[in-house]
Amino acid sequence: MSAKTANKIATSVIVAVSGLIVLVLAGLLGYILVRGLGHISFDFLTSAPETIRRGGGIGPQLFNSVFLLFLTMIITIPLGLGAGIYMSEYAPANKVTNGIRLIVEVLSSVPSIIVGLFGLLVLVNLFGFGFSLFAGALALTVFNLPLMVRITEQGLRSVPREQKEASLALGLSKWKTITSVMLPIAMPVILTGTILAAGRVFGEAAALLFTAGMSSPRLDFSDWNPFSPFSPLNPFRPAETLAVHIWKINSEGLAPDAKEIAAGASAVLVITVLAFNFAARWLGRYLYRRFTAIK
Amino acid sequence: MAQPLERQQAKPHLAEEWVGKVYTLLCIAFLILTIFSLVYFVASKGLSTFFVNGVNVIDLLTGLKWAPEGEPRLFGALPFIFGSFSTSLLAAAIAAPLGFCASVFMVEIAPKFGRQYLQPVIELLAGIPSVVYGFVGLSVIVPFFRDVFPGQGVGIAAGAVVLSIMILPTITTIATDALAALPKGLKEGSYALGATRWQTIYRIVLPTTLPALMTGIVLGIARAFGEALAVQMVIGNAPHIPRSLFESASTLTSAITLSMGNTAMGTVANNALWSLALILMLMTFVFVFIVRWLERRSKI
Amino acid sequence: MPAFYNMNCQEKNKELEGELYEMKKTVMMLMVLALTVVLAACGQNNNSGGASPSPESSAPESSAPASESPAAELSGSLLATGSSALLPLVEQASKKFMDIHKGVSIQVQAGGSGTGLTQVSEGQSDIGNSDVFAEEKLDAAKAAELVDHQVAVVGMAAVVNPNVSVDSLTKQQLVDIFTGKVTNWKDLGGEDQKIQIINRPSSSGTRATFETYALGQKSEDLQGSIQEDSSGTVRKLVGETPGAIGYLALSYLDESIKVLKYDGVEATVENVANGTYPVWAYEHMYTKGEPSELAKAFLDFMLTDEIQNNDVVELGYIPANKMEIKRDVNGTITK
């Protein structure tokens, strides 16, 4: 076989495989959306699930997912930013720092089910949070934190060195330089990364099975006092998120339309995650344009 | 970097500087505390099977029969370990060539089209939640395998296919970065000598980027190894080493999810599951070290 | 990752100052918010102390409605954790209970029978819901501390793929199937079709019940058998897989699968209640020691006709008060 034929064959194989990947994704998305979209309605998105009757919705689960995401992010972002700033700006270049970097790497690759078990043992049982949003948010923080640290480090490293030095030369303290000069410049990278991380939180189920629980108590959407047990805002109530709900309804669903609900909920979940993805992309591009004035 | 500058300017802002330093230090301390307590708690639970309940480590690692509630109680976790390795390795074997082709397409063949369409598509695959993969696997792949191959559809093959789609983005992204980072002169030199594109890829690009490609594959395997729900839904969960790819099998993660809620904490049946979790965690560490080692090699 | 690592924004810096300031403010606000929530959390945690009735919320007795005499005196909170099979029932009952007793809050959480028993035994929850007797999961000493409250009965039946022509199996035939002695339906009077077992994991309460009362012995984890913990997945796989056999709680039976008779007896509520169909189990709600006043009121409420005849039946369980026979942990039956 001549080199040219081999080249042609190899090229066509590569193109074919790439096409196949696109087809697989298209098929996957198509399958989920076609089966699920028909079931999505305003009523489905807002009403409470039914145990044995037809026509249950995913309202509380959707709210729980969003609220849990919010809780997770307000714990993760300050901690992750702080740790990331330390790693990229304060940490001296020595063995200890290398060790910490290794630890962050290890933490980021711990399987989510282990994080869930850890949450069950420590947060739910030992600290006595019970199956609750708060325990779930902390568990999600555990595996989101390393991601956030890496994103922050990456963002800060993308700041031009001259800019940092100019700020220091003007007499600003290091902390001031970081918060007022470097962080804003690093913001596009950090923001995009954070949104992608948020998408991961939204779809996570394994860690939440053991921490946020598989039950969703009745919520009273007129009660916004975070301390009342039926308030949607109470962080100490058990909360089943959308991803966990799909898992549960697939496996334990008693309602006659469990299949449709699972399909509809999957579609909602996928659409939301896609929205996160597109938002991250769009925001990244938008901020990049604003900051660099490239029209 | 800017040390001398900082020393002169810091004085008026000492308090502020101190706050910043302490705050970031606390954050990193929290992170370190988290990982250490995670390791400590999982290890102490997982080891109590051996020290409190007196199960032999070797028996657990090499035993073939898992019957924690049986008479006598048997804790042979080899079928789970085998299942975890075979599904994740097979998944990587499927995903690696696909990922490599996709990254070559994006970097070498059609950079513009690839970057614009293929890359977002592959990144979207990474965003789809694992329960959705499991759901699709159970309703599409399992029935398909049941019709086409002998057996019941569930098993290592179904698990590996689902996992391969899940780890494809990891492998592709890292491969793409590695290919794109290759010095231009290397490829141009090859083309200048009259080599075809495939010869260049096969003889120049592939060997030089191999350590980086391996990094991607190991990271993919690590992710597949730890994936729980999607695998549990399609693998069948029989605690045996299967005789074929299409026979019901188990992984470490599927065994844990299946029984954790059903067993009471502190009992030997529950502790044995924590031992599985400990094995899973130790394997994760091994993967991290392999990745580190590969990264060091790819820098040379 | 997007390719804006190397962006250079020196020239534009001034114009952006406003924006940057805004961003910094947002970051700060987020931090403050986080702190607030953490503080709020700590405060809240101290207040929710298990089932202890809080004195300040006990309503004046005079205002109590006549129909629910002890109602208005009840207040406090309860936490029930455990079996996901029992969750819908306890949840529905708790809603009704809370409608009557405004000062009460009951949280029901699912996490599996084992988790429920662990938590009630260690005092983290007030009630532990379980599909099995505590003696089967906990150490004898710990199980002895728990008080059993049987609130419903759940019947189970062997089910097969609709294309299997066999209608009834004897105990011995089931044992032969689940221990791997018989592997083809033709040996049991059906067509020439391989038997595919869909079992539960060995930790499952459903499996324990089926083994004890249908097989009379432990089943084997056979090579090639499928194991699923959840009833929905078992139903799906039995319905789809040719030659499949599994077992399900009566509430999960539908037309996608075929229900087998056991020794010629049909799996119906009546047959379970009068003792002719032996494959059933109690649903338990355990308390540590004698229940507190509130827990007792709720457990009593679970046994009232209102719950037993409505919600219990509706959700596919068999009312505990309908049972004509009783059975203890060792399987001894009394009329």
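Protein chains in written order, with my numbering: chain A, 3 to 297; chain B, -10 to 289; chain C, 416 to 750. Backbone N, C-alpha and C define an ideal beta-carbon position, used for all residues, glycine too.
- DSSP places GLU216 of chain B outside both helix and strand once states are collapsed to three, so it counts as coil.
- Of the candidates C:GLU550, C:VAL535, C:SER536 and C:GLU655, the residue whose Cα lies closest to the Cα of ASN745 of chain C is C:GLU550.
- What LEU256 of chain A touches in chain C, judged by beta-carbon distance under 9 angstroms, is PRO503, SER646, GLY647, SER666, TYR667, LEU730 and GLY731, going in chain order.
- Spatial neighbours of TRP600 of chain C in its own chain (CB-CB distance under 7 angstroms, excluding positions within 5 residues in sequence) are listed in chain order as VAL579, VAL581, GLU606, GLN608, ILE610 and GLY658.
- Identification of residues in the region 95 to 112 of chain A having a C-beta nearer than 7 angstroms to some C-beta of chain C yields an empty set.
- For ILE592 of chain C, the closest C-alpha among the options C:LYS633, C:GLN565, C:THR621 and C:ALA623 is that of C:LYS633.
- As a beta-bridge residue in DSSP terms, ASN599 of chain C pairs with C:LYS609.
- Per DSSP, ALA629 of chain C lies in no alpha helix (DSSP H) and is assigned neither H nor E.
- Secondary structure note for ILE660 of chain C: its beta strand (DSSP E) is the uninterrupted segment 659 to 664.
- Boundaries of the beta strand (DSSP E) harbouring LYS703 of chain C: 695 to 703, taken from the DSSP string.
- Boundaries of the beta strand (DSSP E) around GLY491 of chain C: 491 to 497.
- Three or more beta-carbon pairs drawn from the region 495 to 510 of chain C and the region 691 to 706 of chain C are found closer than 8 angstroms, and the two stretches are therefore classed as touching.
- In this structure, GLN638 of chain C places its C-beta atom within 7 angstroms of the C-beta atom of HIS229 of chain B.
- Contact annotation for PHE204 of chain A against chain C: no contact, minimum CB-CB distance about 18 angstroms [criterion: below 7 angstroms].
- A distance below 7 angstroms separates the beta carbons of THR194 of chain A and ALA282 of chain A.
- Ranked by how close their Cα comes to the Cα of GLN534 of chain C, the residues C:PHE512, C:ALA555, C:SER509 and C:LEU561 have C:LEU561 in first place.
- Within the same chain, and ignoring the five residues on either side of PHE625 of chain C in sequence, the residues whose Cβ sits closer than 7 angstroms to its Cβ are MET571, TYR662 and VAL694.
- For VAL523 of chain C, the nearest beta carbon of chain A is closer than 7 angstroms to its own beta carbon.
- In summary, ARG232 of chain B is exposed, with fewer than 16 beta-carbon neighbours lying within 10 Å of its beta-carbon over all protein chains present.
- No residue range can be given for VAL581 of chain C, since it is assigned to no beta strand (DSSP E) and is classified by DSSP as neither H nor E.
- The C-beta of ASN42 of chain B comes no closer than 7 angstroms to any C-beta of chain C.
- Within the region 115 to 136 of chain A, the residues whose Cβ lies closer than 9 angstroms to some Cβ of chain B are ILE115, ILE116, VAL117, GLY118, LEU119, PHE120, LEU122, LEU123, VAL124, ASN127 and LEU128, listed in chain order.
- In this structure, ALA217 of chain B keeps its C-beta atom at 7 angstroms or more from the C-beta atom of ALA50 of chain A.
- Boundaries of the beta strand (DSSP E) harbouring HIS564 of chain C: 561 to 575, taken from the DSSP string.
- Taking a cut-off of 8 angstroms on C-beta distances, the region 82 to 96 of chain B touches the region 158 to 167 of chain B, as three or more cross pairs fall below it.
- Around GLY215 of chain A, the beta-carbon contacts reaching into chain C at under 9 angstroms are THR496, GLN524, ALA525 and GLY526.
- Close to GLY116 of chain B, with beta-carbon spacing below 8 angstroms, are these residues of chain A in chain order: LEU198, GLY201, ARG202, GLY205, VAL275, LEU276, PHE278 and ASN279.
- Listed along the chain, the chain C residues whose CB falls inside 7 angstroms of the CB of PRO148 of chain A amount to none; the nearest CB is some 16 angstroms away.
- Counting other Cβ atoms within 10 Å of its Cβ, LEU182 of chain B stays below 16 and is therefore classed as exposed.
- DSSP, read as helix, strand or coil, puts ASN614 of chain C in strand.
- Across the region 46 to 65 of chain A, no CB contact with chain B closer than 9 angstroms is found for any residue.
- For SER224 of chain A, there are no neighbours in chain C by C-beta distance under 8 angstroms, as the nearest C-beta there is about 15 angstroms away.
- Cβ-Cβ separation between ARG152 of chain A and SER90 of chain A: approximately 10 angstroms, too far for a contact (criterion under 8 angstroms).
- Using a Cβ distance threshold of 7 angstroms, PRO162 of chain A and GLY286 of chain A do not count as a contacting pair.
- Annotated three-state conformation of TYR12 of chain B is helix, per DSSP.
- Interface flag for GLN539 of chain C against chain A is set, since a Cβ pair is found closer than 7 angstroms.
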